[in-house]
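Numbering (the numbering used here), first residue to last: 139 to 812.
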Ligand code: ADP
Ligand code: MG
């Protein structure tokens, strides 16, 4: 063992001083830098060791627990210093998926990739505990290597030799920083809606607080275990974690897929197709019949607009957000699931979210550290991709309040239990929801049947309403399509573009194209916007369409130009998105009583005509209520005289009660809350 120690030590020293050759030693330069800076870690590319001394590399992989400390001793012998670390990164041949970690990997050197889902607070961990014997005053040091705290057995002082008691001298002991991160599998590795597997990482010293929740990381380290126990005693099973040696944060923009030269040619040729927009759109969920508008919108989302960072630091998101609200059984979930599969970094989740953090983020109690930890929700995990949120109306109260920030600023700020953090949530949102009462009521406006606050609805660039009303022509076609799919899926739903090629097409567009508005396109959008504002103004609507919708048009126009691999947003793009926008906006914003466009419907959830009537009704009730309450029959009688419908009055009174404008101290005696 001793000889082996010397051997390995010398091999590392040689490597540090003489790789790739003595006249130009790569790592020696870094080591010299460490002498003059605060840097405590020497980062070693595993490929270099493999190249220089494959046996040494083998030793690291097979016996990292012994060998890594020797590497550090070698470094210390050159630096003549303490507290330095050797970190081995890029261990490609040791890379493994979190779900494939097995007992054969225990105590081996491995590399995993994942997304940080949870990060604990940083705690001091004792490394060298200094004890004083209370009988003789002798001081002795106990190194803490195991997970559980170790005390001295007997006093080292030969004149004493008794077994304590010992006092821990905290001020003389040595501590280091310690943190737990929990990483989970990347969403793109989870085909078919599998739950992501997770594993704990123990992070120490200068690696703490490097990665935060939502970061994509590549980690090397030793797979270690701790014995599990219950109150009855220790169990025979062990919990695994990774004792981290190095951690690297992946760059946002670097994608794993490479585009070859001949593929690039294919992509460029494809972009020349005059029907490229339609072709791409029909690649989205080919098993679902119809919905050309929705499919085109989802396609635009895959390409996304152009992110703008203004000189004053303002960030204008490029990702369009889309909401589908529709009757049950109209293939909303199908569309979302499909989109999550085809989108780079797509993630499918339900409104409740799949973790304690829900959609945004939460501070949770961490059972392994016993402290507080920050847990990332779906939007953080989907950072840089598309978050497909089904049944978004079921999201939690906490999510409801923080999702606004996520949708506009694309960050999530959290400050709770001493944890203060801002996480990135640069994902586009494709959400689906059922109408408030399960199914659309034809006699109410659509907007009031969307079970989301208007402030949130206005943050979606496009809102699609899908009603399931019988329509013989369409029903026949849908039925035929579904039957065909079931009979012969391969033939019926082959998309016009090979999906692998489409994925590269999207990536190519995202990396290379940043289209700008032409004068013509800009004029068209300008006119549309001003015209809409004018309608609102003429009708004396208090909240007209906002600049947010104009930004939505620009984003969608840019996305459409990208679909054509164009550097310019042309008039045709502007026209197409205005048409799409009109179709969706007008449907949501149509006042069911007058049949006219009403911006109030979108902004406040109620058409102006109805709001006016509600105000009128409240006036009537106030007038009638002389202090000792008034019955429902009396209210209805009076309201009918003013031309209001009985059912409308009943519904309105329920609503007044819910909002607290009206209360019922004794049955059927309503009073106005003044
Ligand atoms: P939702 O989420 O809107 O309630 P689902 O996505 O669960 O609906 O759809 C219910 C079923 O009906 C799915 O199996 C879906 O494939 C089928 N379906 C509904 N509409 C269509 C359509 N237009 N084309 C093909 N299949 C459809
Ligand atoms: Mg559904």
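Even for Gly, the Cβ is constructed at its ideal location relative to N, Cα and C.
- Short of 6 Å from the beta carbon of residue 663, and not among the five residues preceding or following it, lie these beta carbons of its own chain, in chain order: 691 and 712.
- Where residue 592 is concerned, the enclosing alpha helix (DSSP H) starts and stops at 592-595.
- In the three-state DSSP reduction, residue 588 falls in the strand class (E or B).
- For residue 202, the enclosing alpha helix (DSSP H) has its first and last residue at 202-217.
- Between the beta-carbon of residue 485 and that of residue 516 there is about 6 Å, and that keeps the pair under the 8 Å contact cut.
- Residue 268: member of the beta strand (DSSP E) spanning 261-271, first to last residue.
- DSSP places residue 256 inside the beta strand (DSSP E), whose first and last residues are 247-258.
- Secondary structure note for residue 539: its alpha helix (DSSP H) is the uninterrupted segment 535-546.
- DSSP, read as helix, strand or coil, puts residue 193 in helix.
- By the beta-carbon neighbour count (other beta carbons within 10 angstroms, threshold 16), residue 300 is exposed.
- Following the DSSP letters along the chain, one finds residue 243 in no beta strand (DSSP E), marked with neither H nor E.
- 246 is the residue among 246, 194 and 222 whose C-alpha sits nearest the C-alpha of residue 233.
- Contact between residue 285 and residue 364 is confirmed by a C-beta separation of about 6 Å, below the 8 Å threshold.
- Taking residue 659 as the centre and dropping the five residues before and after it, the same chain places the C-beta of 695, 707, 708, 709, 711 and 712 closer than 7 Å to its C-beta, in chain order.
- Proximity of the beta carbon of residue 471 to the ligand MG is indicated: a heavy atom of the ligand is located closer than 7 Å.
- Residue 238 has its CB no nearer than 7 Å to any heavy atom of the ligand MG.
- Residue 178 places its beta carbon 8 Å or farther from that of residue 217.
- DSSP places residue 432 in the helix class (H, G or I) of the three-state scheme.
- Spanning the alpha carbons of residue 291 and residue 307 requires a straight line of approximately 16 Å.
- Selection 635, 601, 589 and 578 evaluated against residue 607 yields 578 as nearest (Cα-Cα).
- Rounded to whole angstroms, the separation of the alpha carbons of residue 205 and residue 313 is 23 Å.
- The three-state reading of DSSP puts residue 454 in strand, counting E and B together.
- By the criterion of a C-beta distance shorter than 8 Å, residue 373 is surrounded in its chain by 365, 366 and 367, once the five residues flanking it on both sides are discounted.
- In this structure, DSSP gives residue 486 an extended state, which the three-state scheme calls strand.
- If you compare the alpha carbons of 701, 656, 573 and 594 with that of residue 539, the shortest gap goes to 594.
- Considering only 670, 668, 650 and 418, the residue with the shortest C-alpha distance to residue 638 is 418.
- In this structure residue 420 is in contact with residue 634, their Cβ atoms being roughly 6 Å apart against a cut-off of 8 Å.
- Residue state for residue 300 is assigned as coil, using DSSP reduced to three classes.
- The criterion of a C-beta distance shorter than 8 Å is satisfied by residue 565 and residue 523.
- Per DSSP, the beta-bridge partners of residue 322 are 253 and 336.
- Comparing alpha-carbon positions, the option among 640, 567 and 196 lying closest to residue 480 turns out to be 640.
- Here residue 293 is buried, its C-beta having at least 16 other C-beta atoms within 10 Å.
- Using a 10 angstroms sphere on the CB of residue 257, the tally of other CB atoms reaches 16 or more, which defines it as buried.
- Exposure of residue 288 is indicated by the presence of fewer than 16 other C-beta atoms within 10 angstroms of its C-beta.
- Taking residue 266 as the centre and dropping the five residues before and after it, the same chain places the C-beta of 279, 280, 281, 282, 311 and 312 closer than 8 Å to its C-beta, in chain order.
- With 16 or more other Cβ atoms from the protein chains shown falling within 10 Å of its own Cβ, residue 195 counts as buried.
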